[in-house]
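Basically my numbering = 1-based index in the sequence shown + 82.
Heads up, the beta-carbon is just placed ideally off N, CA and C, and yes, glycines get one too.
Accompanying notes for the structure given below.
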Amino acid sequence: MKNMMKRFICSLLIASLMCVSIGTSVFAADNVKAGVTGVLEIPHEADDLERRLNEMTYEELRTVLMEEFGATPEEATLLANYQMMGNVQTRTFPSNPEIGDVHKESFTVHVALDASVAALAAAIVSGSKYITLAKALTIASAILSVGSNVLGNTVRVTVNYTYGYTNDGVLGWTPGYFEYEIL
């Protein structure tokens, strides 16, 4: 009797989680219209991706970009070169920040009808030199997950950087979340 009750409760919980995730993605896809704005958090997985990308050689990086992110050879070369340069520009950031200060950097990017994560990331790094490749890939993935109405539109992205200590204990500017607006 106890095992049957456990199985029933487990099945009920799994079914409810599936309903919530399916319902949420359908809701998100239906509500994307021009002029709509939203806020998405850059997940902590972006830091793991950044560490992983930093440890790769040029050829390994090109291969991963093509296999995992759908990059064409040209996009993979562009993104790998960007990653290997490794100098995210922070010239426009305040020179004397205090812990807790927030700085916003905005850029616009056109999302092609057949956009892949890598293609959109290439457009992001071309339009903004304030973001790392890992963050660009994460933002591109998040924008494409907003819904199909984003395809073929221009999106204004504002990345919010906060000055403070990172999880690694380093003091600096950290992107925490970004806002998007479909134009």
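In the three-state scheme derived from DSSP, where H, G and I count as helix and E and B as strand, T214 is classed as coil.
When secondary structure is reduced to three states using DSSP, S188 falls in the strand class. Where F151 is concerned, the enclosing alpha helix (DSSP H) starts and stops at 140-151. Counted as a single uninterrupted DSSP element, the stretch harbouring N249 is not any beta strand (DSSP E), since DSSP gives it neither H nor E.
Cβ contact annotation for L233 (same chain, cutoff 6 Å, sequence separation greater than five): V193, L195, in chain order. Three or more pairs of CB atoms, one per stretch, sit closer than 8 Å, so the stretch 177-194 contacts the stretch 232-246.
A straight-line Cα-Cα distance of about 18 Å links N136 and W255.
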